[in-house]
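Since the structure comes first, as C-alpha coordinates, the remarks are kept for the end.
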Amino acid sequence: GEHSLVVNGQVREKWNGDAQLAKLAVSSNGTRWAYVVCPSSSGNPTPPMLVMDGVKTPLSQLGLDELSSPQMSFSPDGKHVVYVTRRQMEGETLLVDWKPVVRMDWIKERSMKYNPDGTKLAFVARKGRELWWKVIDVK
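Using this note's numbering, the first residue of the sequence shown is number 69, and each one after it goes up by one.
Pasting the structure below:
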(Lines of atoms letter the chains of each structure in order from A; the text may use other names.)
(Lines give C-alpha, C1' and ligand atoms only; values in the text may rest on other atoms or scores of the structure.)
Protein backbone atom coordinates (compact mmCIF):
# COMPACT_ATOMS: atom_id res chain seq x y z
CA GLY A 69 0.00 0.00 0.00
CA GLU A 70 0.91 3.66 -0.03
CA HIS A 71 2.53 5.25 3.02
CA SER A 72 3.31 8.85 3.94
CA LEU A 73 5.72 10.49 6.35
CA VAL A 74 4.12 13.57 7.88
CA VAL A 75 6.23 16.06 9.86
CA ASN A 76 4.60 19.12 11.43
CA GLY A 77 1.42 18.48 9.47
CA GLN A 78 3.21 18.39 6.10
CA VAL A 79 3.65 15.30 3.93
CA ARG A 80 7.43 15.03 3.52
CA GLU A 81 7.65 11.69 1.70
CA LYS A 82 5.42 9.09 0.09
CA TRP A 83 6.31 5.53 -0.85
CA ASN A 84 4.65 2.35 -2.01
CA GLY A 85 5.45 -1.16 -0.94
CA ASP A 86 5.77 -3.12 2.25
CA ALA A 87 9.19 -2.01 3.48
CA GLN A 88 9.21 -1.29 7.19
CA LEU A 89 10.29 2.08 8.49
CA ALA A 90 11.80 2.37 11.95
CA LYS A 91 13.78 4.59 14.30
CA LEU A 92 12.28 7.86 13.09
CA ALA A 93 14.10 10.94 14.37
CA VAL A 94 12.98 14.53 13.84
CA SER A 95 15.11 17.58 14.57
CA SER A 96 13.97 19.76 17.48
CA ASN A 97 12.72 22.47 15.09
CA GLY A 98 10.90 19.92 12.90
CA THR A 99 12.69 20.82 9.67
CA ARG A 100 14.79 17.64 9.30
CA TRP A 101 14.01 13.96 9.61
CA ALA A 102 15.82 10.65 9.39
CA TYR A 103 14.79 7.00 9.59
CA VAL A 104 15.79 3.44 8.78
CA VAL A 105 14.22 1.31 6.04
CA CYS A 106 14.25 -2.33 7.12
CA PRO A 107 14.01 -5.13 4.56
CA SER A 108 10.54 -6.55 4.06
CA SER A 109 9.85 -10.23 4.36
CA SER A 110 7.84 -10.35 1.13
CA GLY A 111 8.99 -11.79 -2.17
CA ASN A 112 10.39 -8.40 -3.29
CA PRO A 113 12.70 -7.39 -0.43
CA THR A 114 13.83 -3.81 -0.01
CA PRO A 115 17.54 -3.44 0.82
CA PRO A 116 18.28 -1.92 4.24
CA MET A 117 18.94 1.80 3.98
CA LEU A 118 19.24 5.01 5.92
CA VAL A 119 17.15 8.01 4.88
CA MET A 120 17.81 11.64 5.83
CA ASP A 121 15.69 14.51 4.52
CA GLY A 122 14.39 12.25 1.75
CA VAL A 123 17.81 11.11 0.51
CA LYS A 124 18.10 7.30 0.60
CA THR A 125 21.50 5.69 1.26
CA PRO A 126 21.75 1.88 1.05
CA LEU A 127 23.84 0.33 3.83
CA SER A 128 25.89 -1.48 1.19
CA GLN A 129 27.01 1.92 -0.16
CA LEU A 130 28.51 2.65 3.26
CA GLY A 131 30.22 -0.76 3.44
CA LEU A 132 27.87 -1.86 6.24
CA ASP A 133 25.49 -4.76 6.46
CA GLU A 134 23.41 -4.61 9.66
CA LEU A 135 21.05 -2.14 11.25
CA SER A 136 21.63 -2.39 14.97
CA SER A 137 20.88 0.74 16.92
CA PRO A 138 17.62 1.07 18.81
CA GLN A 139 17.64 4.82 18.21
CA MET A 140 19.00 7.64 16.12
CA SER A 141 19.08 11.25 17.17
CA PHE A 142 19.69 14.75 15.92
CA SER A 143 22.09 17.16 17.56
CA PRO A 144 20.41 19.95 19.57
CA ASP A 145 20.94 22.40 16.70
CA GLY A 146 19.43 19.94 14.19
CA LYS A 147 22.50 19.99 11.93
CA HIS A 148 23.65 16.39 12.51
CA VAL A 149 22.15 12.94 13.00
CA VAL A 150 23.93 10.03 14.70
CA TYR A 151 23.25 6.31 14.37
CA VAL A 152 25.12 3.09 15.15
CA THR A 153 25.40 0.23 12.65
CA ARG A 154 27.10 -3.14 12.79
CA ARG A 155 29.37 -4.94 10.36
CA GLN A 156 29.72 -8.65 10.93
CA MET A 157 32.97 -9.58 12.66
CA GLU A 158 34.11 -5.93 12.77
CA GLY A 159 32.05 -4.48 15.60
CA GLU A 160 29.93 -1.35 15.56
CA THR A 161 30.35 1.93 13.74
CA LEU A 162 29.08 5.31 14.90
CA LEU A 163 27.79 7.28 11.92
CA VAL A 164 27.44 11.06 11.92
CA ASP A 165 25.37 12.19 8.93
CA TRP A 166 25.90 8.65 7.55
CA LYS A 167 29.68 9.04 7.59
CA PRO A 168 31.64 6.50 9.67
CA VAL A 169 33.31 8.33 12.57
CA VAL A 170 34.21 5.73 15.22
CA ARG A 171 34.55 1.93 15.08
CA MET A 172 34.46 0.00 18.33
CA ASP A 173 33.58 -3.54 19.40
CA TRP A 174 30.44 -2.19 21.07
CA ILE A 175 28.82 1.24 21.42
CA LYS A 176 26.16 1.87 24.05
CA GLU A 177 23.67 3.92 22.05
CA ARG A 178 21.58 4.92 25.03
CA SER A 179 24.63 6.53 26.63
CA MET A 180 25.01 9.11 23.82
CA LYS A 181 24.72 12.70 25.06
CA TYR A 182 25.41 15.97 23.24
CA ASN A 183 26.83 19.06 24.83
CA PRO A 184 24.32 21.97 24.79
CA ASP A 185 25.44 23.47 21.46
CA GLY A 186 25.64 20.09 19.71
CA THR A 187 29.32 20.31 18.78
CA LYS A 188 30.43 17.34 20.91
CA LEU A 189 28.98 13.89 21.51
CA ALA A 190 29.88 11.67 24.48
CA PHE A 191 29.18 7.94 24.75
CA VAL A 192 30.33 4.68 26.34
CA ALA A 193 32.09 2.10 24.14
CA ARG A 194 34.15 -1.05 24.42
CA LYS A 195 37.32 -1.99 22.55
CA GLY A 196 38.58 -5.43 23.49
CA ARG A 197 38.30 -5.66 27.26
CA GLU A 198 38.52 -1.91 27.84
CA LEU A 199 35.52 0.33 28.43
CA TRP A 200 35.90 3.84 27.09
CA TRP A 201 34.09 7.10 27.72
CA LYS A 202 34.54 8.73 24.31
CA VAL A 203 33.95 12.38 23.44
CA ILE A 204 34.03 13.31 19.75
CA ASP A 205 33.59 16.51 17.77
CA VAL A 206 30.43 16.61 15.69
CA LYS A 207 31.02 18.70 12.55
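Every residue gets a Cβ at the ideal spot worked out from N, C-alpha and C, and that includes glycine.
Only a predicted model underlies this, so the values are computations on that prediction, with no experimental measurement involved.
* Buried or exposed for HIS148, please, with buried defined as at least 16 other CB atoms from any protein chain shown within 10 angstroms of its CB. => Locating residue 148 in the sequence shown gives position 80, where the first residue counts as 1. Residue environment: HIS148 is assigned as buried (16 or more neighbouring CB atoms within 10 Å of its CB, all protein chains considered).
* What number of angstroms, rounded off, separates the C-alpha of ASP165 from the C-alpha of LEU118? -> Taking the sequence shown and counting its residues from 1, the one referred to as residue 165 is at position 97. Taking the sequence shown and counting its residues from 1, the one referred to as residue 118 is at position 50. The C-alpha of ASP165 lies about 10 Å from the C-alpha of LEU118.
* Asked: Going straight from the alpha carbon of THR125 to that of VAL74, what length do you get?
  -> Working through the sequence shown from its first residue, we reach residue 125 at position 57. Working through the sequence shown from its first residue, we reach residue 74 at position 6. Distance between the alpha carbons of THR125 and VAL74: 20 Å.
* Asked: Could you give the distance in angstroms between the alpha-carbon of VAL104 and the alpha-carbon of GLU198?
  -> Start at 1 with the first residue of the sequence shown, and residue 104 comes out as number 36. Start at 1 with the first residue of the sequence shown, and residue 198 comes out as number 130. A direct Cα-Cα distance of roughly 30 Å separates VAL104 from GLU198.
* Asked: For LEU163, does the three-state DSSP call read helix, strand or coil?
  -> Along the sequence shown, read from residue 1 onward, the residue named residue 163 stands at position 95. When secondary structure is reduced to three states using DSSP, LEU163 falls in the strand class.
* Asked: Do THR153 and LEU127 have their CB atoms nearer than 8 Å?
  -> Taking the sequence shown and counting its residues from 1, the one referred to as residue 153 is at position 85. Taking the sequence shown and counting its residues from 1, the one referred to as residue 127 is at position 59. For THR153 and LEU127, yes; Cβs fall inside 8 Å.
* Would you call the CB atoms of ASP173 and ARG194 closer than 8 Å? -> Locating residue 173 in the sequence shown gives position 105, counting from the first residue. Locating residue 194 in the sequence shown gives position 126, counting from the first residue. Going by beta carbons, ASP173 and ARG194 fall inside the 8 Å limit.
* Taking the C-alpha atoms as reference points, what is the distance between ARG171 and LEU92? -> The residue given as residue 171 occupies position 103 in the sequence shown. The residue given as residue 92 occupies position 24 in the sequence shown. Computed Cα separation, rounded: 23 Å.
* Would the C-beta of ASP185 count as close to the ligand PLP, meaning under 7 Å from any of its heavy atoms? -> Absent from the structure shown: the ligand PLP. Ligands present: none.
* In its own chain, which residues sit with a C-beta less than 7 Å from the C-beta of VAL150, not counting the 5 before and 5 after it? -> Taking the first residue of the sequence shown as 1, we reach residue 150 at position 82. Same-chain partners within the cutoff: MET140, SER141, LEU162, LEU163, VAL164, MET180 and LEU189.
* **Cβ neighbour criterion (16 or more within 10 Å) applied to SER96** => As a working mapping, residue 96 is identified with position 28 in the sequence shown. SER96 should be labelled exposed.
* **Close-in-space but distant-in-sequence residues of the same chain around TYR182 (CB under 6 Å, 5 per side omitted)** => Residue numbering aside, residue 182 sits at position 114 when the sequence shown is read from its first letter. The answer, listed in chain order, is SER143, PRO144 and LEU189.
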